[in-house]
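Novice:
Residue numbers (this note's numbering): 9 to 184.
#1: When we look at the beta-carbon of residue 103 and count the other beta-carbons within 10 Å, is it buried (16 or more) or exposed?
#2: Looking only at its own chain, which residues have a Cβ that is under 8 angstroms from the Cβ of residue 100, when we skip the five neighbours before and after it?
#3: Please classify residue 113: is it buried, with 16 or more other beta-carbons within 10 angstroms of its beta-carbon, or exposed?
#4: How many whole angstroms separate the CB atoms of residue 174 and residue 124, which I take to be in contact at a CB cut-off of 8 angstroms?
#5: Residue 124 by DSSP, collapsed to three states: which one?
#6: Buried or exposed: where does residue 30 fall if 16 or more other Cβ atoms within 10 Å of its Cβ makes it buried?
#7: Could you tell me the boundaries of the beta strand (DSSP E) in which residue 153 lies?
#8: Assign residue 143 to buried or exposed, taking buried as 16 or more other Cβ atoms, counted over all protein chains shown, within 10 Å of its Cβ.
#9: What is the C-beta distance between residue 49 and residue 120, in whole angstroms, given that I count them as a contact (C-beta under 8 angstroms)?
#10: Could you check whether the Cβ of residue 45 sits closer than 7 angstroms to any heavy atom belonging to the ligand ATP?
#11: May I ask you to report which of helix, strand or coil DSSP gives residue 161?
#12: How long is the line joining the alpha carbons of residue 140 and residue 83, rounded to whole angstroms?
#13: Check each candidate in 147, 57, 184 and 134 and name the one with the smallest Cα separation from residue 19.
#14: Measuring alpha carbon to alpha carbon, tell me which residue in 165, 153, 151 and 127 is nearest residue 179.
#15: When burial is assigned at 16 or more other CB atoms within 10 Å of the CB, is residue 132 buried or exposed?
#16: Going by DSSP, what residue range makes up the beta strand (DSSP E) through residue 132?
#17: So, under 8 angstroms CB-CB, residue 110 and residue 147 are touching, yes? Tell me the CB distance rounded to an integer number of Å.
#18: For the alpha helix (DSSP H) holding residue 19, just list the boundary residues, first then last.
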C-alpha cells in the first residue's frame with residue numbers, strides 16, 4: 009500500500025495533480041447527490057459524522073484502525089490527512105468518515121442512517137470525495153475528509169457545521 013501524508017498543501021491539490029477533481033464536493037461545489045452515514049445505535053457519539061479518531065475494538069482481540077491519522081503537536085491533537093492507494097491499479101483515496109450512496113448497507117439491528125441531502129453546503133476545510141464501488145455492500149463509497157492538516161477540535165467544529173447544514177437542507181427540501 010502506498011500512503012502519502014498531506015502535511016503541507018491540501019488534499020484537493022493532490023487530487024488536482026492526479027486529475028481527480030471531478031470526484032470532490034467542497035465549499036465551491038455543493039453535494040450533487042444524496043449520501044448516507046451509518047451510525048451505531050449501541051455506541052452513542054457526539055456527532056455521527058465524526059470519524060474514529062482512535063482504533064476501535066470490534067470484538068475481543070480484534071481492532072479496527074482509526075479512520076484518520078492523529079498526531080500530537082505541542083500538546084494539541086492534529087489530524088494529518090493521508091491519501092492512499094492499496095494497489096497500483098486502484099484509485100487514490102483519502103482517510104476519513106465513510107459514507108455510501110444508499111442506506112441500509114450494514115446488516116443488523118444496531119444501525120441507523122443519517123441522510124445527507126443533495127445540495128448540502130459543505131464548509132470550507134472539508135471535502136467529500138467519491139471513492140469506488142463496494143461490491144460487498146453494492147454501493148459507492150465516499151469519504152468526508154479534512155482538506156488540510158488541522159486540529160481535531162477544528163475538524164470537529166467543521167463537522168458540526170456540516171451537520172447543521174444537513175439539517176438546514178433537509179428543512180428546505182421538506183418545505184419545498
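C-beta atoms are modelled at their ideal positions from N, C-alpha and C, and glycine is treated no differently.
Specialist: Let me spell this out:
#1: buried
#2: 22, 23, 26, 28, 91, 92 and 93
#3: buried
#4: 5 angstroms
#5: strand
#6: exposed
#7: 147-154
#8: exposed
#9: 5 angstroms
#10: Inclusion of the ligand ATP in the displayed structure is not the case, the ligand content being empty and no account of it being possible.
#11: helix
#12: Answer to the nearest angstrom: the Cα atoms are 36 angstroms apart.
#13: If we check each option's Cα against that of residue 19, 134 comes out closest.
#14: For residue 179, the nearest C-alpha among the options comes from 127.
#15: exposed
#16: First-last for residue 132: undefined, no H or E at that position.
#17: 5 angstroms
#18: 19-25
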